[in-house]
Amino acid sequence: MTDKFITFKDVRFTYPPFEHEVDKDGNQIINKPVFDHFTATLPGKFTILVGPNGSGKSTFLLLAAGRVSPDTGTVRLFNKDIAFMEEQERNLTASFIYQNMEFETQETTEILLQKIFKSGGWQNSGGARDALLASNKQIQIPNKDFIDNCIDIFELSNILNRPLNQLSKGEMQRTLLAFSLLYGCKSIFLDEPLFALEPKQKEIIISYLRDYSRKYDIPLYISMQELSLTKKYADAVLLFKPNRNISFGTPKEVLTKDEIETAYGVPEAMLKDAEDANNKNKLEESAVIADFNKRIS
């Protein structure tokens, strides 16, 4: 895999202020930059992002995948400035799965799995197929059997005849993960896509994602809360800290007791309970969002 997959050069990014968010004196509250003069070059490995909430993981992924643009500076993927990519090229270069993606469609899961595979970079030019052919690796390009493989790994057989807007949060997450692989992008970015899943499902899926990334030389960056799985399966780790410092390296290099406690501000032994509480909060939040969307639709 490439050693220069993502390049951030002097990147500054600030979220725009909320229109009615003011201080006690009635002045508009201006957000602080999430990144300021951020420069880094990162390799195309199976990389897991960990760190406390609000430390910049989601923003990093959004910038890297070109879903938001820096205020200043540049972000390059595969040595190309992502700001100058046309939408189709960008979508085939970098797949992105958000934390709480919702779909209002009556099409069934099975039909969408087939459509996504047929329309993406494994079956057409510009995506993962071209990258794999250029690498000269003696590996068969995924065919229709890959759909069945994803159905098995992501446990989708019982929901194939159901439309996406009738899926539970866990079912939706597993379906979106299958979409991200079937579409055949050159790289994949996933923002906490596992929080609604059972522990056994998480481990099976993380192992499969790592193997997929290695087999096809597809850089895959995923944020998650589970440090135990990160230590076991990550090829590389990005540990985000509240002061915006980021440590990068192997799990053994990065996830030391001191580094973890510096990042999270609590003893390492307490983090498992914190992970469980965070996942519960995300599930409750997604349920509120889903209920709100139903009420206004």
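Start counting the sequence shown at 4; every next residue gets the next number (the working numbering).
Just so it is clear, CB atoms sit at the ideal spot from N, CA and C, and this is done for glycine as well.
DSSP beta-bridge partners for residue i?
{"i": "P166", "result": "T111"}
{"i": "E53", "result": "Going by the sequence as given, residue 53 is Val instead of Glu. DSSP, once it has assigned bridges, lists L242 as partnering V53."}
{"i": "K83", "result": "L80"}
{"i": "V14", "result": "F41"}
{"i": "Y224", "result": "T50 and F192"}
{"i": "F251", "result": "L241"}
{"i": "I9", "result": "L45 and L80"}
{"i": "G25", "result": "Per the sequence presented here, residue 25 reads as Val, with Gly not at that position. DSSP, once it has assigned bridges, lists Q31 as partnering V25."}
{"i": "F75", "result": "Reading off the sequence shown, one finds Thr at residue 75, where the question assumed Phe. DSSP, once it has assigned bridges, lists R15 as partnering T75."}
Excluding the 5 residues preceding and the 5 following residue i in the sequence, name in chain order all residues of the same chain whose CB lies nearer than 7 Å to its CB.
{"i": "N82", "result": "K7"}
{"i": "E174", "result": "I162"}
{"i": "A137", "result": "none"}
{"i": "F106", "result": "L167 and N168"}
{"i": "A131", "result": "G124, W125, G187, C188, K189, Y219 and I221"}
Taking 8 Å as the threshold (beta carbon to beta carbon), is residue i in contact with chain C?
{"i": "P245", "result": "Going by chain labels, chain C is absent from the structure shown, which holds only one protein chain."}
If you check the beta carbons only, do residue i and residue j fall under 8 Å apart?
{"i": "N164", "j": "T111", "result": "yes"}
{"i": "A47", "j": "S190", "result": "This sequence places Gly at residue 47; Ala is not what is there. Yes. Within cutoff."}
{"i": "F63", "j": "S216", "result": "no"}
{"i": "I51", "j": "A199", "result": "no"}
{"i": "I142", "j": "L116", "result": "no"}
{"i": "I114", "j": "Y186", "result": "no"}
{"i": "D74", "j": "R15", "result": "yes"}
{"i": "Q109", "j": "E195", "result": "no"}
{"i": "G129", "j": "E90", "result": "no"}
{"i": "V71", "j": "L65", "result": "yes"}
{"i": "L184", "j": "T178", "result": "no"}
{"i": "E264", "j": "P270", "result": "yes"}
For residue i, which residues of its own chain have a beta-carbon under 6 Å away from its beta-carbon, when the five flanking residues on both sides are left out?
{"i": "D39", "result": "R15"}
{"i": "I225", "result": "I51 and L193"}
{"i": "A134", "result": "K189"}
{"i": "A181", "result": "C153 and F157"}
Could you pull out every residue in the same chain whose Cβ sits closer than 8 Å to the Cβ of residue i, ignoring the five residues on either side in sequence?
{"i": "D13", "result": "H40, F41, T42, T75, G76 and T77"}
{"i": "E24", "result": "Q31 and I32"}
So, does the stretch 144–159 touch the stretch 96–105, judging by three or more C-beta pairs under 8 Å? no
The stretch 193–208 in contact with the stretch 220–238 per 3-pair CB rule at 8 Å: yes
At 4 residues or longer, what runs of the alpha helix (DSSP H) sit wholly inside the stretch 83–157? 90–96, 112–122, 131–138 and 148–156
Three or more C-beta pairs below 8 Å linking the stretch 240–251 and the stretch 56–72: yes
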